[in-house]
Each structure stands twice: as structure tokens, then as C-alpha cells.
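Numbering (our numbering), first residue to last: 626 to 706.
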């Protein structure tokens, strides 16, 4: 059975992080989001960045930072501080 949201999240994680996500991890994350309680810095919001954080054990903020860092490196973007 096709699951459009899983397919979309899988595609985005592969694009943004170069990693794959399993259906089992996705299913566990959906249950986690349904509970609605943030644990270990992973936001319980159904979003691929939070799914990546959930699957890797990092916080949602760290996953977002990694995503931006990878994007800047890939596109040779430097930010002046």
C-alpha cells in the first residue's frame, strides 16, 4: 500500500540529509506525535525534520542546524557574522 506522506518524508530526508528512513521508524514517530509530549528535544510535530531527529536521536533543533549546514556547504554559501 502506498503511503504518500511516508513517501514524501522519505524523499525529503534523502534530499536534505542523504539518509533513508524506515517505515517502522515512521510508524513509531506517528505514535510519538500522537502522544503530543516532547522528549529529548524532539518536537512531536509531524514533519520530516522532526522525524529525522527522532530516528537519529538528536534534537529537532540540531537536525534543523544540520540541514542548514549541509545546504550551505552544498551551495557554497558563506554567512558573515
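Glycine included, C-beta positions come from ideal geometry on N, C-alpha and C.
Values in this document were obtained by computation on a predicted structure and should not be read as measured data.
Kindly indicate which residue of the options has the alpha-carbon position closest to the one of residue i.
i           : options            : result
residue 679 : 634, 699, 698      : 634
residue 699 : 663, 649, 643, 653 : 643
Quick one: Cα of residue i to Cα of residue j, how far?
i           : j           : result
residue 665 : residue 656 : 16 Å
residue 676 : residue 695 : 17 Å
residue 688 : residue 674 : 6 Å
residue 658 : residue 683 : 16 Å
residue 632 : residue 672 : 13 Å
residue 669 : residue 690 : 18 Å
residue 637 : residue 645 : 9 Å
So, for residue i: in the same chain, excluding its five sequence neighbours on each side, which residues have a beta-carbon less than 6 Å away from its beta-carbon?
i           : result
residue 641 : 692
Can you round the beta-carbon distance between residue i and residue j to whole angstroms, since I take them to be within the 8 Å contact cut?
i           : j           : result
residue 685 : residue 667 : 6 Å
Skipping 5 residues on each side, what residues in its chain have a beta carbon closer than 7 Å to that of residue i?
i           : result
residue 651 : 631, 634, 676
Excluding the 5 residues preceding and the 5 following residue i in the sequence, name in chain order all residues of the same chain whose CB lies nearer than 8 Å to its CB.
i           : result
residue 662 : 669
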